[in-house]
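Before any comments, here is the structure.
Following this line, the structure appears as structure tokens:
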């Protein structure tokens with residue numbers, strides 16, 4: 001597995017954990033362990049996304065980091081990537 005795929009897998013893992021704990025928090029909004037779990041995975045996801053953006057460019061259009069140029073179009077589109 002290449003570094004790009006490894007980072008994407010990490011981001012997906014944290015997204016899944018966040019989605020699951022958000023569903024739990026909807027019914028248990030004051031559960032401190034669940035809130036801590038959410039914060040932990042949010043932080044880890046943000047770090048993984050920042051690393052991905054630094055190495056491979058923006059993961060989504062929301063991560064366009066250059067205020068002088070729309071860099072989203074610089075990277076290959078998903079169908080242009082190697083298999």
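Numbering (the working numbering), first residue to last: 1 to 83.
Where a beta carbon is used, it is the ideal one built from N, C-alpha and C, also for glycine.
A distance below 8 Å separates the beta carbons of residue 25 and residue 35.
In this structure the region 15-31 does not touch the region 54-73; the number of beta carbon pairs closer than 8 Å is below three. In this structure, residue 48 and residue 23 do not form a Cβ contact; the two beta carbons are roughly 21 Å apart against a cut-off of 8 Å.
Note on residue 28: under 16 other CB atoms within 10 angstroms of its CB, so exposed under the neighbour-count rule.
Closest by C-alpha distance to residue 39, out of 9, 55, 15, 51, is 15. For residue 61, there is no enclosing alpha helix (DSSP H), as DSSP gives it neither H nor E. Here the alpha carbons of residue 32 and residue 62 stand approximately 30 Å from one another.
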